[in-house]
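Residue numbers (the working numbering), protein chains in the order written: chain A, 7 to 381; chain B, 4 to 141.
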């Protein structure tokens, strides 16, 4: 009698398979590659692969003088270009113990908050688009254009400004700056209500994102998830509150905190932050003191030998700049602790057991900027 | 839907720029960073002394200065620029050359349509042929 050999038929439902999301996927907002392990359409695990836009910025900083480094930091998180510049400027100023004029501090704070608003506007636009609402994209970009026009008039460029220098600013603000910022605040206070009507109050969006990608407070602290993503989980991590720089200690604003930590509350946190940023600008814009736009600095800046650390709050979280100087005009080592890199680490944990379509929503709510991850 | 409908029927202001049809009327902001230029006056004179500070401060090596030493009628030996070469293809528009120039000889130009078919066209000589330095600048 012939022996019947039974070959086991693989159960397609139970077999895991891998797909590459990216590096050319539109919802990864850049060249991020996620190797997603799926069972059916459930995400079992996820592995980010970095390095597609690695330019070696930290190594390039080692050959540049301190004023030259500024223009490289623009190109990390390009949506928070001014705030990245701020980190290096503060690091150099604190190391050299230079007191910058009060006018510079006020202008820097206003510009930082404008940067935060325009970054969140673009995030709102893309968040809507990722969830299938293309209308949001146009409205978000339409309003962002107003801030970019102000930037273009005052600093000459729209995205990569290199406006801050160690000791102050490249040039004084444009005479129209205050008037146009006030006009913008008035305009945007009306438009942000439209944002709420389109997306925040939309039942499809709220039900689609509620309870998706829950990040607990413990995990937020363990994975060092900072910025609005961390604060949506109840992790109080706002550098502007805890380690105030420039004039953040003189203005009143609320650190937006939620406890739920899901995709929907990360959305709420960013929406609230835009309102808080507008409050900060309103308090400062009429009170910019007169004075110099830059402190007197030496032609060649040499930091005393030692280690220095400076942190600032970008639109996505805490940016740290750690510098080791050996007394020369170039740093021995400059390391950036970028917020996006830490936030990416938690993506695997919070997207497990969710559907692949939810991964897009979770990724959008964490608001990645890929050049900041790779540097 | 309400918001979409409102803007569909009363868009208020049309925000789309009609580029490139509006090229003739398009005016960039006065501080717009298009490219680095060296302004010359009506006598074809510029303010560059050829000191090389811009070349030193440029983070990418976009500026090269070729200078020669000449003897003035008073018997002084001075340096004048032969060529102030600007590689637009390497420039990151950080503005350090313009900020650090001690004689304010460089400025931002408004031209922004830099696309060319041959990359050698992106290497420019900023001082015009036959130009000289304005008297009194050292």
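The beta-carbon is built from N, C-alpha and C at its ideal position, and this holds for glycine as well. Since the model is a prediction, treat every value here as computed from it, not as a measurement.
What number of angstroms, rounded off, separates the C-alpha of residue 348 of chain A from the C-alpha of residue 103 of chain B?
Residue numbering aside, residue 348 of chain A sits at position 342 when the first chain is read from its first letter. Residue numbering aside, residue 103 of chain B sits at position 100 when the second chain is read from its first letter. So the alpha carbons of these two residues sit roughly 37 Å apart.
Please check the pair residue 76 of chain A and residue 120 of chain A, which I expect to be a contact at CB under 8 Å, by giving their CB distance rounded to whole angstroms.
Along the first chain, one-based indexing puts residue 76 of chain A at 70. Along the first chain, one-based indexing puts residue 120 of chain A at 114. Not a contact, Cβ separation roughly 18 Å.
Could you have a look at residue 46 of chain B and say whether DSSP puts it in helix, strand or coil?
Position 43 of the second chain holds residue 46 of chain B. Of the three classes helix, strand and coil, the one that applies to residue 46 of chain B here is coil, per DSSP.
For residue 316 of chain A, does the count of other Cβ atoms within 10 angstroms reach 16, so buried, or fall short, so exposed?
Start at 1 with the first residue of the first chain, and residue 316 of chain A comes out as number 310. Buried, because 16 or more other Cβ atoms sit within 10 Å of the Cβ of residue 316 of chain A.
Just to confirm before moving on: does the CB-CB distance between residue 47 of chain B and residue 133 of chain B stay below 9 Å?
Residue 47 of chain B sits at position 44 when you count from the first residue of the second chain. Residue 133 of chain B sits at position 130 when you count from the first residue of the second chain. Cβ distance < 9 Å, so residue 47 of chain B and residue 133 of chain B count as in contact.
Would you mind telling me which residues of chain B sit closer than 7 Å to residue 342 of chain A, beta carbon to beta carbon, in chain order?
As a first step, residue 342 of chain A is located in the first chain; it is residue number 336 there, counting from the start. Neighbours of residue 342 of chain A on chain B: none; closest Cβ ~17 Å, over 7 Å.
Would you please verify whether the beta carbon of residue 97 of chain B is less than 9 Å from any beta carbon of chain A?
For the purposes of this step, residue 97 of chain B is taken as residue 94 along the second chain, with counting starting at 1. So, interface residue.
Pull up the CB-CB distance for residue 85 of chain B and residue 69 of chain B, whole angstroms please, since I reckon it's below 8 Å.
Here residue 85 of chain B refers to the residue found at position 82 of the second chain. Here residue 69 of chain B refers to the residue found at position 66 of the second chain. Confirmed, about 4 Å.
Taking the straight line between their C-alpha atoms, what separation do you get for residue 278 of chain A and residue 115 of chain A?
Here residue 278 of chain A refers to the residue found at position 272 when the first chain is read from its first residue. Here residue 115 of chain A refers to the residue found at position 109 when the first chain is read from its first residue. Answer to the nearest angstrom: the Cα atoms are 18 Å apart.
With a 10 Å radius around its C-beta and 16 neighbouring C-beta atoms as the bar for buried, classify residue 26 of chain A as buried or exposed.
Here residue 26 of chain A corresponds to residue number 20 of the first chain, with the count starting at 1. Exposed, by the Cβ-count rule.
Tell me which residues share the same chain as residue 269 of chain A and place their Cβ nearer than 7 Å to its Cβ, disregarding the 5 neighbours each side in the sequence.
On the first chain, residue 269 of chain A is found 263 positions in, with the first residue counted as 1. The residues are 215, 218, 219, 367, 368 and 371.
Who are the neighbours of residue 39 of chain B on chain A, taking C-beta pairs under 8 Å?
Translated into positions along the second chain, residue 39 of chain B becomes position 36. Simply none; closest approach about 12 Å.
Out of B:135, B:108, B:92 and B:105, state which residue places its alpha-carbon closest to the alpha-carbon of residue 115 of chain B.
Within the second chain, the letter at position 112 stands for residue 115 of chain B. The option with the nearest alpha carbon to residue 115 of chain B is B:92.
I'd like to confirm the pairing. Which residues does DSSP put opposite residue 314 of chain A in its beta bridges?
Along the first chain, one-based indexing puts residue 314 of chain A at 308. Answer is A:329, bridged to residue 314 of chain A.
Please confirm if residue 32 of chain B has its CB atom under 9 Å from at least one CB of chain A.
Sequence index remark: in the second chain, residue 32 of chain B carries index 29 (1-based). Yes, residue 32 of chain B lies at the interface with chain A (some Cβ there is under 9 Å from its Cβ).
If distances are taken between C-alpha atoms only, which option among A:56, A:58, A:32 and A:101 comes closest to residue 335 of chain A?
Within the first chain, numbered from 1, the residue matching residue 335 of chain A stands at position 329. For residue 335 of chain A, the nearest C-alpha among the options comes from A:101.
Using 10 angstroms around the beta-carbon of residue 157 of chain A, count the other beta-carbons present and answer buried if the total reaches 16, otherwise exposed.
Stepping through the first chain from its first residue, residue 157 of chain A is reached at position 151. Result: buried.
For residue 143 of chain A, verify whether its CB is less than 8 Å away from any heavy atom of the ligand GDP.
With respect to the ligand GDP, the structure offers nothing, as it holds no ligand at all.
Below 8 Å, how does it come out for the segment 31-40 of chain A and the segment 25-44 of chain B: are there three or more Cβ pairs, yes or no?
Too few Cβ pairs lie closer than 8 Å, so no.
If you draw a straight line from the C-alpha of residue 60 of chain A to the C-alpha of residue 78 of chain B, how long is it?
As a first step, residue 60 of chain A is located in the first chain; it is residue number 54 there, counting from the start. As a first step, residue 78 of chain B is located in the second chain; it is residue number 75 there, counting from the start. C-alpha separation (whole angstroms): 55 Å.
Are there three or more Cβ pairs, one per stretch, closer than 8 Å when the segment 5-21 of chain B is compared with the segment 196-211 of chain A?
Segments in contact, yes.
Run through the DSSP bridge pairs and tell me what residue 54 of chain A is partnered with.
On the first chain, position 48 is the one that residue 54 of chain A refers to. Beta-bridge pairing links residue 54 of chain A to A:40.
For the putative contact between residue 98 of chain A and residue 360 of chain A, defined by C-beta atoms under 8 Å, what is the C-beta separation to the nearest angstrom?
For the purposes of this step, residue 98 of chain A is identified with residue 92 of the first chain, where counting begins at 1. For the purposes of this step, residue 360 of chain A is identified with residue 354 of the first chain, where counting begins at 1. Incorrect: roughly 44 Å between the Cβ atoms, too far for contact.
Using alpha carbons as the reference points, say which of A:155, A:81 and A:190 lies closest to residue 5 of chain A.
Residue 5 of chain A is absent from the model: chain A starts at 7 and stops at 381.
At 8 Å on the CB atoms, spell out the chain A contacts of residue 5 of chain B, in chain order.
The residue given as residue 5 of chain B occupies position 2 in the second chain. Near residue 5 of chain B (Cβ distances below 8 Å), the residues of chain A are 203.
Between the segment 158-172 of chain A and the segment 27-41 of chain B, do at least 3 Cβ pairs fall closer than 8 Å?
Touching, yes, given that three or more Cβ pairs across the two stretches are closer than 8 Å.
Between residue 62 of chain B and chain A, is any beta-carbon pair separated by less than 9 Å?
Position 59 of the second chain, counting from 1, holds the residue named residue 62 of chain B. So yes, residue 62 of chain B belongs to the interface.
Closer than 8 Å by beta-carbon distance: list the chain B residues that pair up with residue 148 of chain A, in chain order.
By one-based count along the first chain, residue 148 of chain A stands at place 142. Near residue 148 of chain A (Cβ distances below 8 Å), the residues of chain B are 18.
Mind reading off the beta-carbon distance from residue 297 of chain A to residue 64 of chain A? Whole number of angstroms is fine, and I expect it under 8 Å.
Counting from 1 along the first chain, the entry for residue 297 of chain A is found at position 291. Counting from 1 along the first chain, the entry for residue 64 of chain A is found at position 58. That pair is no contact at about 35 Å.
Determine the closest residue to residue 65 of chain B out of B:75, B:74, B:99 and B:81, with distance taken between C-alpha atoms.
In the second chain, residue 65 of chain B corresponds to position 62, counting from 1. Closest by alpha carbon: B:99.
Counting contacts by CB-CB distance shorter than 9 Å, is residue 213 of chain A in contact with chain B?
Here residue 213 of chain A corresponds to residue number 207 of the first chain, with the count starting at 1. So, not an interface residue.
Taking C-beta to C-beta, are residue 238 of chain A and residue 259 of chain A nearer than 9 Å?
In the first chain, counting from the first residue as 1, residue 238 of chain A sits at position 232. In the first chain, counting from the first residue as 1, residue 259 of chain A sits at position 253. No, the Cβ-Cβ distance between residue 238 of chain A and residue 259 of chain A is not below 9 Å.
Helix, strand or coil for residue 342 of chain A per DSSP?
By 1-based counting over the first chain, the position of residue 342 of chain A is 336. The answer is strand: DSSP assigns residue 342 of chain A an E or B state.
Near residue 272 of chain A, what residues of its chain come up, given a Cβ to Cβ distance below 6 Å and the 5 sequence neighbours on each side ignored?
The count along the first chain starts at 1 and reaches residue 272 of chain A at position 266. Hits under 6 Å: 235, 238 and 371.
Starting from residue 91 of chain A, trace the alpha helix (DSSP H) in both directions and tell me its first and last residue.
The count along the first chain starts at 1 and reaches residue 91 of chain A at position 85. Run containing residue 91 of chain A: 87-102, per the alpha helix (DSSP H) assignment.
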